[in-house]
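Remarks on the structure that follows.
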Amino acid sequence: MSIEIVFPVGLWDELNRHLLRAPKDGSDHLVDEQMAFVIAGINRSDSRIRILAHEIHTAKPEHLFRQSPAAIAPRMEYVASMLARCRRDGWSLIEVHSHPFASGRGTTFSSIDWRNDRRTMPPTSGFLPDVAMYASMVIGQESLDAHVYERSTNSIVPVTNIYVLGRGANNRAITSIPTTSGFNGNYHAGSVEERHQRQELLFGGEGQRMLSRAAIAVVGLGGLGSFVALELAYLGIGRLVLIDPDCVEKSNLNRLMGAKSTDIGRKKVEVYRDLIGAIAPGTQIAAVDSSIASEEALNYAKDCDLLMGCVDNHGARLILNHLAIRYLLPLIDAGTGIRLSGVKRSFAMGGQVHVVIPGTGCLECRGFIDASKAAFELAPPDIRGYEREHGYGTQQVAPSVVFLNGVVASLQVAEIAYLLNLSELIPVIPLNIYDAIKRNVIAVSIKDYKACPTCGVDGVQGVGDLAPIHVPIASAGKPPPSIAR
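Quick note, the sequence shown lines up with residues 11 to 495 if you use my numbering.
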């Protein structure tokens, strides 16, 4: 099982500014090693463990017992304060120090570092909550290394990769940094399948291999999601998790790409599992025939690298937004709409594609989730029934056409290619709005909202399994409390 550490770019930049500071006088003199602690959440799944950076605590001179260009040691009371915080609130802890003299590849722990970690990591880990982890990192000028103490085996095991989410100094939206200890020479090896050679001309061999290593959850297999799932298969994504609780109905056949009349009554996830298996036999497929609100679907989704939101309601979109922020998973969310008005048949038609990279805002602070509608859609069945009896939550069936879904779905899939391959050349746009009447796409820049209760400074970014998403499925008491405004 691999172990990885994930940082939003803001925290990563803060950490590196502290650890790799230049001499104050601008000279070439050696600078002292620096230290910091990272408070972190955990994302445990069947395939890997991800340690999720939540906040940075930089060590100041008064926190250190010893500091020089070749060594650093914190005061015990400083370490104790970090451990007390983690024990009280359930956090994991990463101890980070710099090797400012280390340049090029191969930065790793010194013999002194190893001796200290073998001596201190077992007892220090014992002060953390049972589900928490204790990790150590060393960062040089151009490379780094990291390992964690594993209580079950009483051993120190390597971290394989550090992921940085958000556009940093290298202009990439998602940066994967292999650790020195976890680096696998075969990671960049292997030929590209002949079927993808025309794509390789754009992405390059390593770019296409990145797609083949990616795991993506497609949530919702309606008019949008059916296009998205098939396009991702053609693109060469290595693992797809398909999440949808519904069956194919006759009224779906005007917009479910690839579905046939013989599929009526079948689970959508089964239909698209079979279609993708025929299109791309090498793709790993997990078909989850339940709502994204279910524990099963949430567990599958948090095990992926990216989320594709193809849902048609605010409740599911709220869950996806929280999955993205809590588990540091990039989310590409899309929607389409047609609004008819008046007797002259005037109408608006279009859609939007949101790119949510944790640390750069979310759907809630952008104003694209209606809290009242989300509360209704996520309420237990008895509350929804009560609200409908009193006139809330009733709405007409909306128009839906295949060509509109196709355009917006392709814009959504294009963002995957940009994020994984081309973000150095094509900047990430938080919001793209498609106007089908004027036939244009408008790129909109949006600033994040620091006071957002979800992604803001005091929000739930990076909490992971410490505060898992839970949607109640039953309620008690009569009458239920009203959620209508």
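We treat Cβ as the ideally placed atom computed from N, Cα and C, and that holds for glycine.
- Taking the Cα positions, G474 is about 44 Å away from S351.
- By the Cβ test, the segment 200-207 is not in contact with the segment 225-232, since fewer than three Cβ pairs between them sit closer than 8 Å.
- Straight-line measurement puts the Cα of V481 at about 46 Å from the Cα of E43.
- Spanning the alpha carbons of A307 and Q422 requires a straight line of approximately 21 Å.
- Taking a contact as a CB-CB distance under 8 Å, the pair I49 and L93 does not count as one, their CB atoms being some 11 Å apart.
- Using a Cβ distance threshold of 8 Å, I348 and F357 count as a contacting pair.
- Separation of V411 and R182 (C-alpha to C-alpha, rounded to the nearest whole angstrom) is 35 Å.
- Just measuring C-alpha positions, the residue of E210, I439, P463 and G319 sitting nearest I456 is I439.
- Listed in chain order, the alpha helix (DSSP H) runs fully inside the segment 298-361 are 305-311 and 324-337, counting runs of at least 4 residues.
- Just measuring C-alpha positions, the residue of G416, R265 and I172 sitting nearest V106 is I172.
- In this structure, DSSP gives Y459 a state outside helix and strand, which the three-state scheme calls coil.
- Per DSSP, reduced to three states, the secondary structure at I447 is coil, with no helix or strand assignment.
- In the three-state scheme derived from DSSP, where H, G and I count as helix and E and B as strand, M86 is classed as helix.
- When rounded, the separation of the alpha-carbon atoms in R376 and S113 is 41 Å.
- Here S153 really is in contact with R115; their C-beta atoms are around 5 Å apart, less than 8 Å.
- Using a Cβ distance threshold of 8 Å, G51 and G369 do not count as a contacting pair.
- In the three-state scheme derived from DSSP, where H, G and I count as helix and E and B as strand, G20 is classed as helix.
- Annotation for D284: the continuous alpha helix (DSSP H) segment containing it runs K278 to I289.
- Here DSSP, grouped into helix, strand and coil, assigns F413 to helix.
- For D155, the uninterrupted beta strand (DSSP E) run begins and ends at L154 to E160, by DSSP.
- Per DSSP, reduced to three states, the secondary structure at N53 is strand.
- When secondary structure is reduced to three states using DSSP, I367 falls in the coil class, being assigned neither helix nor strand.
- Using a Cβ distance threshold of 8 Å, L338 and L317 do not count as a contacting pair.
- Proximity of the segment 14-31 to the segment 299-314 falls short of the contact definition, fewer than three beta-carbon pairs being nearer than 8 Å.
- DSSP links P188 through a beta bridge to N171.
- If you ignore the 5 residues before and after V281, its C-beta comes within less than 7 Å of the C-beta of V258, A269 and D273, all in its own chain and listed in chain order.
- A straight line joining the alpha-carbon of I443 with that of T117 spans about 44 Å.
- In the structure shown, N26 falls within a helical segment according to DSSP collapsed to helix, strand and coil.
- In the DSSP assignment, M147 forms a beta bridge with V106 and A156.
- In this structure, I379 places its C-beta atom within 8 Å of the C-beta atom of L373.
- Annotation for P79: L40, V41, D42, E43, P110 and F111 place their beta carbon closer than 8 Å to its own, counting only its chain and skipping 5 residues before and after.
- DSSP places L476 in the coil class of the three-state scheme, outside both helix and strand.
- For A81 and I184, the gap between their C-alpha atoms comes out near 32 Å.
- In this structure, the alpha-carbon of G100 lies about 18 Å from that of V467.
- About 3 Å separates the beta carbon of G319 from that of D343, a gap short enough to meet the 8 Å contact definition.
- Excluding the 5 residues flanking it on each side, P463 has same chain C-beta neighbours closer than 7 Å at G469, in chain order.
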